[in-house]
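If you read the sequence shown in the numbering used here, its first letter stands for residue 2, the second for the next number, and so on.
Using N, Cα and C, we set each Cβ at its ideal position, and we do this for glycine too.
Below is one structure; the comments refer to it alone.
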Amino acid sequence: MLLGVMLCLSCRQALPARTEYVLGTFCTVNLYEKGTKDLYDDIFGLLRELEEILSANKDTSNIASINAASGKSPVKAHPDTLAVLKRALRYAEISGGKFDPSVGPLVKAWNIGTEYASIPEPEELTRVLSLVNHKDILIDEAAGTVFLTQEGMRLDLGAIAKGYAADQIINLLDERKVERAIIDLGGNVYARGEKAPGLPWKVGIRNPETGTSGAIIALKVKNKTIVTSGINERYFEKDGTHYHHILDPATGYPAQSGLLSVTIISDSSIDADALSTTCFILGAERGLSLVKSIPGTDALFITTDRKIIMTDGLAGLVEILDSTFTL
Ligand code: FAD
Ligand code: MG
């Protein structure tokens with residue numbers, strides 16, 4: 002009997018954080034309570050399932066099927082595909098096409114983040130840019146299908162799907178009544194609950210110039226998602242120029258908006274993910290006014306001249322750890 006109780010206690014003990022490579026990045030889940038092997042397995046299982054559906058890189062994904070049928074026929078869309086795509090199209094509308102889930106051909110032309118990264122030839126850029134247009138994505142709600150009207154179009158949900166995945170984990174943690182956890186899906190962070198009663202979590206923002214792991218800013222948060230888009234997540238250098246992976250469909254080139262990074266703090270991770278990318282392309286001024294129009298959302302911009310610009314909601318929650326970055 003005693004052994005039974007002891008075994009039971011040990012099997013309920015929270016396990017340490019788990020990191021796995023999924024969604025094309027290292028994802029770390031740290032459950033500070035109820036962290037059983039089963040729950041960790043369920044969370045990473047969920048991430049792998051979403052990758053199978055939403056990946057632009059896997060030939061067998063729902064996204065790949067939609068892309069393969071571009072210009073030919075509508076394809077039955079998985080409910081997760083529809084949910085993410087519909088939200089992505091909302092941000093495409095809001096941003097006047099700066100955020101565009103049909104950016105796939107442009108992403109492939111640059112190949113940033115792979116060993117084949119290179120600057121596309123001007124003719125190639127002209128060709129692929131003619132395929133990037135969110136208005137050519139047709140959703141038939143009744144039939145549950147997606148049709149890309151031009152042959153060669155490609156969806157790429159890399160700027161928003163990690164946020165959706167984080168929200169699905171949040172739902173799972175709600176179901177299992179886990180009140181303290183940190184989820185980090187390759188820079189897409191969700192801090193659940195508090196570190197200790199009355200003590201918020203502190204989430205670090207890395208130096209966006211170097212991408213090195215030491216934090217330059219600490220953000221005090223409780224039950225919030227914190228998502229950063231910046232110039233150092235994926236990039237390559239050629240002849241002294243830095244080419245990063247957030248592409249401006251107006252130019253075909255990496256967005257040059259005077260920013261090094263944008264961090265969004267929100268309750269919804271899908272919105273934070275879409276917004277961090279959108280605001281990065283829009284720049285500080287337009288990005289700030291967009292964020293201010295969305296209740297419950299805050300933002301912190303770091304400019305190329307190392308200035309920190311943030312929304313009023315962050316007053317008192319930001320600690321600058323590197324004094325070369327100033328307000
Ligand atoms: P964010 O700012 O959130 O997004 C930048 C990414 O969005 C770019 O990398 C590009 O993919 C896309 N993008 C660029 N410009 C625009 C624009 N104007 N509008 C909209 N989107 C834009 N990586 C791999 O290397 N291999 C994989 O197999 C792989 N599989 C993945 C599967 C899934 C389901 C997801 C969600 C991601 C996967 N990734 C993979 C990673 C992905 O390619 C991106 O690198 C990552 O999602 C970028 O996230 P971020 O937070 O750094 O940047
Ligand atoms: Mg994003």
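Original post:
Where does S96 sit, in a helix, a strand or coil, going by DSSP?
Top reply: coil
Original post:
What's the gap between the Cα of Y191 and the Cα of N172?
Top reply: 12 Å
Original post:
Taking DSSP as the reference, what is the three-state secondary structure of N172?
Top reply: helix
Original post:
Heavy atom of ligand 2 less than 8 Å from the Cβ of D274, yes or no?
Top reply: yes
Original post:
From this set, A275, L283, D272, which residue's C-alpha is nearest L261's C-alpha?
Top reply: L283
**OP:** For P201, name the three-state secondary structure that DSSP assigns.
**Re:** coil
**OP:** With a threshold of 8 Å, establish whether the CB of S230 neighbours any heavy atom of ligand 2.
**Re:** yes
Original post:
Can you tell me the Cα-Cα spacing of S66 and G105, whole angstroms?
Top reply: 14 Å
**OP:** Assuming I140 and L86 form a contact by the criterion Cβ under 8 Å, report the distance between their Cβ atoms to the nearest whole angstrom.
**Re:** Between I140 and L86 a beta carbon distance of about 7 Å is seen, short of the 8 Å cut, so the two are scored as contacting.
Original post:
According to the neighbour-count rule (16 or more other Cβ atoms, all chains shown, within 10 Å of its Cβ), is N58 buried or exposed?
Top reply: exposed
Subject >> F237 CB to nearest heavy atom of ligand 1 below 8 Å >> reply: no
**OP:** Along the alpha helix (DSSP H) that carries E50, what are the first and last residues, could you check?
**Re:** 38-55
**OP:** Please confirm whether G153 and L174 have their CB atoms less than 9 Å apart.
**Re:** In this structure, L174 does not lie closer than 9 Å to G153 by Cβ.
Subject >> 6 Å Cβ shell around T298 - same chain, five flanking residues per side excluded >> reply: S267, V292
**OP:** With hydrogens ignored, establish whether the beta-carbon of V108 is closer than 8 Å to any heavy atom of ligand 1.
**Re:** yes
Subject >> Contact belief for S103 with N134 at Cβ below 8 Å, rounded distance in angstroms >> reply: Confirmed, about 6 Å.
Original post:
Which residues mark the beginning and the end of the alpha helix (DSSP H) in which R19 is found?
Top reply: For R19, no alpha helix (DSSP H) encloses it; the enclosing beta strand (DSSP E) starts and ends at 19-23.
Subject >> beta-carbon E234 near ligand 1 non-hydrogen atom, thresh 8 Å >> reply: yes
Original post:
What residue from K73, K38, W111, N68 has the CA that sits closest to L248's CA?
Top reply: W111
**OP:** Please report the residue range of the alpha helix (DSSP H) in which T278 lies.
**Re:** 270-283
Original post:
Considering only the beta carbon of each residue, do G164 and D313 sit closer than 9 Å?
Top reply: Not closer than 9 Å, so no.
Subject >> beta-carbon N208 near ligand 1 non-hydrogen atom, thresh 8 Å >> reply: no
Original post:
Alpha carbon to alpha carbon, what distance is there between P123 and G194?
Top reply: Going by the C-alpha atoms only, they are around 50 Å apart.
Subject >> Outcome for M2 when other beta-carbon atoms lying within 10 angstroms are tallied against a minimum of 16 >> reply: Only weak support exists for where M2 lies, its pLDDT of 32 falling under 50; the value from the coordinates is given anyway. By the 16-neighbour rule on beta-carbons within 10 angstroms, M2 is exposed.
Subject >> Reduced DSSP secondary structure (H/G/I, E/B, other) of K293 >> reply: helix
Original post:
Are there 16 or more other CB atoms within 10 angstroms of the CB of E94, so buried, or fewer, so exposed?
Top reply: exposed
Subject >> Simplified DSSP assignment, three categories, for Y117 >> reply: coil
Original post:
Where DSSP assigns a beta bridge to G105, which residues make up the other side?
Top reply: G105 is not bridged to any residue.
**OP:** Report yes if the C-beta of G288 is less than 8 Å from at least one heavy atom of ligand 2; otherwise report no.
**Re:** no
**OP:** Provide the residue span of the beta strand (DSSP E) that contains S230, from first to last.
**Re:** 225-231
Original post:
Which of the three DSSP states, helix, strand or coil, is assigned to R235?
Top reply: R235 carries a coil assignment under DSSP once its states are collapsed to helix, strand and coil.
Subject >> CB contact flag (P201, V222, <9 Å) >> reply: yes
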